[in-house]
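Undergrad: Quick one: the structure is below, and I'll ask about it shortly.
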Amino acid sequence: MLFTRKVLPVLCCLCLSGSVLASGVLDPNRPMVASADVIPVHEGPLGMVDVAPYGGVFPLTAIINKANHNIQDVKVTVLGKGEKGIPISYDVGPQAINTHDGIPVFGLYPDYVNKVKVDWTEEGKKQTYTWSIYAAPVSLPSTTGQTAVLPTVEPVKVDSSLKNRLYLFNHITGMPRAGHIMHVAGGAANWDYTGINWISDTNGDVRGYMNIDKFRNQDDITRFGSMMGFHQVNDGNLMFGQGQRYFKYDFLGRVISDKRLPKGFIDFSHAITETPKGTYLLRVAKENYPLNGKYTINTVRDHILEVDQNGDTVDYWDLPKILDPYRDDVILAMDQGAVCLSVDAEHSGQVMTKEQLAKQPFGDIAGSGPGRNWAHVNSVSYDPRDDSIIISSRHQSAIIKIGRDKKVKWILSDPSGWKGELAKKVLKPVDSNGKPLTCEAHHCDGGFDWTWTQHTGWLVPSKSTGGKTVVTAFDNGDARGMEQPAMPSMKYSRGVEYQIDEKNMTVSQMWEYGKERGFDWYSAITSVTEYRPETKTMFMYSATAGMSGTKPIVSVLDEVKDGTQDVMLELKVHSNRAGMLGYRALIIDPEQMFKK
Numbered sequence: 258m259l260f261t262r263k264v265l266p267v268l269c270c271l272c273l274s275g276s277v278l279a280s281g282v283l284d285p286n287r288p289m290v291a292s293a294d295v296i297p298v299h300e301g302p303l304g305m306v307d308v309a310p311y312g313g314v315f316p317l318t319a320i321i322n323k324a325n326h327n328i329q330d331v332k333v334t335v336l337g338k339g340e341k342g343i344p345i346s347y348d349v350g351p352q353a354i355n356t357h358d359g360i361p362v363f364g365l366y367p368d369y370v371n372k373v374k375v376d377w378t379e380e381g382k383k384q385t386y387t388w389s390i391y392a393a394p395v396s397l398p399s400t401t402g403q404t405a406v407l408p409t410v411e412p413v414k415v416d417s418s419l420k421n422r423l424y425l426f427n428h429i430t431g432m433p434r435a436g437h438i439m440h441v442a443g444g445a446a447n448w449d450y451t452g453i454n455w456i457s458d459t460n461g462d463v464r465g466y467m468n469i470d471k472f473r474n475q476d477d478i479t480r481f482g483s484m485m486g487f488h489q490v491n492d493g494n495l496m497f498g499q500g501q502r503y504f505k506y507d508f509l510g511r512v513i514s515d516k517r518l519p520k521g522f523i524d525f526s527h528a529i530t531e532t533p534k535g536t537y538l539l540r541v542a543k544e545n546y547p548l549n550g551k552y553t554i555n556t557v558r559d560h561i562l563e564v565d566q567n568g569d570t571v572d573y574w575d576l577p578k579i580l581d582p583y584r585d586d587v588i589l590a591m592d593q594g595a596v597c598l599s600v601d602a603e604h605s606g607q608v609m610t611k612e613q614l615a616k617q618p619f620g621d622i623a624g625s626g627p628g629r630n631w632a633h634v635n636s637v638s639y640d641p642r643d644d645s646i647i648i649s650s651r652h653q654s655a656i657i658k659i660g661r662d663k664k665v666k667w668i669l670s671d672p673s674g675w676k677g678e679l680a681k682k683v684l685k686p687v688d689s690n691g692k693p694l695t696c697e698a699h700h701c702d703g704g705f706d707w708t709w710t711q712h713t714g715w716l717v718p719s720k721s722t723g724g725k726t727v728v729t730a731f732d733n734g735d736a737r738g739m740e741q742p743a744m745p746s747m748k749y750s751r752g753v754e755y756q757i758d759e760k761n762m763t764v765s766q767m768w769e770y771g772k773e774r775g776f777d778w779y780s781a782i783t784s785v786t787e788y789r790p791e792t793k794t795m796f797m798y799s800a801t802a803g804m805s806g807t808k809p810i811v812s813v814l815d816e817v818k819d820g821t822q823d824v825m826l827e828l829k830v831h832s833n834r835a836g837m838l839g840y841r842a843l844i845i846d847p848e849q850m851f852k853k
């Protein structure tokens, strides 16, 4: 027997919350179902629009349900806001349509009725329709002294060739109760900052952000930590990590992977990257590490872990065994007022003595030896040519290549303090013609300089050919020349590019930018330099420029024409509160998001 609303006139609360409220009338011929009977309201020739899908991880997104239509050749354009707004366009592949059961929409403006134009083919006919989709205002945690929900992005210069860039900004801020759970044996689990992550176009308009509340639970040690290491990987999706976990999401907020670090490894931060083999390299630490037969401690930022897509441990690099964890030359010269994201204006410009260094406790503190922050590895990249990794160690002021056999291949660093076999691996500076440069007292002639407390020592695959290896780095510049300058205003940072001859163990400096901009462009901590082959530009984010600890910073993002000082794009990012720090930024390509 077929039950209809004619036969069953009694309206339960479920019916009232369904058809009555959705349409205002009851359809007497529509079969009754034993559930809430919601008749969807939709606009246009396809199905309903689901705004902020997948629980609202990326709130400025939507899915236009395909409603069982057979659609192909889909192209989405989120039209720009007003006359000067920048449209976001991308193609959508069949796998993405089937995965989301509809058309993914990325790049909506917040608190605005967006116009979203979609072109597609159905039954051999080309069709187009423009949807009106409202996205809610940005909603993120706030705290004392905050002036706006997000930092403000100010365009200074935008070359027309880079107008359609999208940048993901990864900023970090302290919140109440952060880091309240501690490792009893040290480590860096208490290093807990809230990630404020958003996407901006070159007009400075917000086109996406992450709902951080979907990731953080400050009562669960596996669900807090500093969210870092963002990369748009080869399949177009987003990888990052936070404390004891690492993640892979698509740009609609659908979780692809959410995994704990493998047993024995703890405290992810700073860096995760994908290899061509489909494995992932993460900068972590080691739990219950035996020390001198006397102690068991947790190490700090000094292990590289390789995992497969199942989360199984493939390999790891135990840096306290591979390098010299007691080389303290750089640590003794560092500004103790700015160590990674730990900023203390009262100790700005101060250095540590050997006596003070020897008394440092175990834990997340600059010091020598396992159990302290002796290495502070902040990036890792992979060289498939010889199955090696390249790391950036801030507290050694060194970029280092290490093989699968755990042997050091070369060290790009001031030679001071390296001993034994490691001293033999330090690269010798040469000019562009291969002529050796004279280096004395931590300085070289010919304009060459090493990196000092650098970040992102990354391989440049497109330039690493013919036996040459090219790496870029953001040379922060603290402890430059193994000292603090007479005046803080004498400090500067650089984006820098080196070419390494691994056979002859030499290095030449090919390019630098930032020295002439002086202290205004100086970032004591964080930041990034990356070569972009598709535009032949050097992308740099001086993420803590002007940092004082007492007033909001103004970070500076630049793209410079390769090999020149020609600034093609510059954005200034005005923080919305004192204490918020820029960590990194990266370029996001919407064409890669849903291409499959």
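Here the working numbering runs 257 ahead of the position in the sequence shown, where the first position is 1. Where a beta carbon is used, it is the ideal one built from N, C-alpha and C, also for glycine.
#1: Between the Cα of residue 527 and those of 558, 362, 479 and 518, spot the shortest distance and give me the residue it belongs to.
#2: Please classify residue 686: does DSSP put it in a helix, a strand, or coil?
#3: Would you kindly work out how many angstroms separate the C-alpha atoms of residue 838 and residue 403, rounded to a whole number?
#4: Which whole-angstrom value describes the C-beta separation of residue 333 and residue 360, a residue pair presumed to lie in contact below a C-beta threshold of 8 Å?
#5: Assuming residue 414 and residue 343 make a contact with CB atoms under 8 Å, what is their CB distance in whole Å?
#6: Kindly indicate which three-state DSSP category residue 354 falls into: helix, strand or coil?
#7: Reducing DSSP to helix, strand and coil, say where residue 756 ends up.
#8: Taking the alpha carbon of residue 324 as the point to measure from, which residue in 304, 337 and 338 has its own alpha carbon closest?
#9: Is residue 423 helix, strand or coil by DSSP?
#10: List the whole-angstrom C-beta distance separating residue 538 from residue 637, where the pair is believed to meet the contact cut-off of C-beta under 8 Å.
#11: What are the complete beta strand (DSSP E) segments, minimum 3 residues, inside the stretch 296-355?
#12: Report yes or no: do the stretch 621-631 and the stretch 770-782 share at least 3 C-beta pairs separated by less than 8 Å?
#13: Would you please state the rounded distance, in angstroms, between the beta carbons of residue 588 and residue 649? I believe it to be under 8 Å.
#14: If you draw a straight line from the C-alpha of residue 563 to the C-alpha of residue 743, how long is it?
#15: Below 8 Å on the Cβ atoms is my guess for residue 322 versus residue 307; work out the distance and round it to an integer in Å.
#16: Which residues share a DSSP beta bridge with residue 409?
#17: Buried or exposed: where does residue 847 fall if 16 or more other Cβ atoms within 10 Å of its Cβ makes it buried?
#18: Work out the CA separation of residue 504 and residue 515 for me, nearest whole Å.
#19: Does the stretch 730-740 come within contact of the stretch 748-756, defined as at least 3 CB pairs closer than 8 Å?
#20: Assign residue 437 to one of three DSSP states: helix, strand, or coil.
#21: Give me the Cβ distance between residue 816 and residue 796, rounded to the nearest whole Å; I'm assuming they're in contact under 8 Å.
#22: Rounded to whole angstroms, what's the CA-CA distance from residue 782 to residue 682? Just pull it up for me.
#23: How close, in whole Å, do the beta carbons of residue 365 and residue 318 come, if the pair is a contact with beta carbons under 8 Å?
#24: Between which two residues does the beta strand (DSSP E) containing residue 489 stretch?
#25: Kindly indicate the opening and closing residues of the beta strand (DSSP E) around residue 714.
#26: In this structure, does DSSP put residue 470 in helix, strand or coil?
#27: Leaving aside the five residues before and after residue 278 along the sequence, list all residues of the same chain whose C-beta is less than 6 Å from its C-beta, in chain order.
#28: By the DSSP assignment, the alpha helix (DSSP H) with residue 539 in it spans what residues?
#29: How many angstroms separate the CA atom of residue 824 from the CA atom of residue 818?
#30: Select from 853, 719, 851 and 845 the residue whose C-alpha is nearest the C-alpha of residue 793.
#31: Can you give me the C-alpha to C-alpha distance between residue 612 and residue 623, rounded to a whole angstrom?
#32: Give me the residue from 329, 453, 397 and 685 with the minimum Cα distance to residue 384.
#33: Are the CB atoms of residue 830 and residue 406 nearer to each other than 8 Å?
#34: Count the other C-beta atoms from every protein chain shown that fall within 10 angstroms of the C-beta of residue 440, then say buried if there are 16 or more, exposed otherwise.
#35: Under the three-state reduction of DSSP, which class applies to residue 397: helix, strand or coil?
#36: Specify, as a first and last residue, the run of the beta strand (DSSP E) that residue 618 falls within.
TA: Taking the geometry as given:
#1: It is 558 whose Cα lies nearest to the Cα of residue 527.
#2: strand
#3: 13 Å
#4: 6 Å
#5: Contact doesn't hold; Cβ gap of about 15 Å is too wide.
#6: helix
#7: strand
#8: Sorting 304, 337 and 338 by C-alpha distance to the C-alpha of residue 324 places 304 at the top.
#9: In the structure shown, residue 423 sits in a strand (DSSP, three-state: E or B).
#10: Confirmed, Cβ separation roughly 5 Å.
#11: Whole beta strand (DSSP E) segments, 3+ residues: 306-308, 318-322, 328-335 and 345-349.
#12: no
#13: No, residue 588 and residue 649 are not in contact; Cβ-Cβ is about 16 Å, not under 8 Å.
#14: 43 Å
#15: 7 Å
#16: Residue pairing of residue 409 in beta bridges, as defined by DSSP: 831.
#17: Around the CB of residue 847, 16 or more other CB atoms lie within 10 Å, so the residue is classed as buried.
#18: 5 Å
#19: yes
#20: Below a pLDDT of 50, predicted positions are generally treated as unreliable, and residue 437, at 48, falls in that range; the measurement from the model is reported next regardless. Coil.
#21: 5 Å
#22: 27 Å
#23: 7 Å
#24: 484-489
#25: 712-716
#26: helix
#27: Low per-residue confidence applies at residue 278: pLDDT is 40, beneath 50, and the placement is therefore not dependable, though the value from the model is reported in the following sentence. Cβ within range, chain order: n/a, list empty.
#28: No alpha helix (DSSP H) contains residue 539, which is instead part of the beta strand (DSSP E) from 537-543.
#29: 7 Å
#30: Comparing Cα positions, the closest option is 719.
#31: 14 Å
#32: 329
#33: Residue 406 sits away from residue 830, with the two beta carbons spaced by 8 Å or more.
#34: With a pLDDT of 47 at residue 440, under the threshold of 50, the modelled position of that residue is not reliable, and no figure is offered here.
#35: coil
#36: Unbroken run through residue 618: none, as it is neither H nor E.
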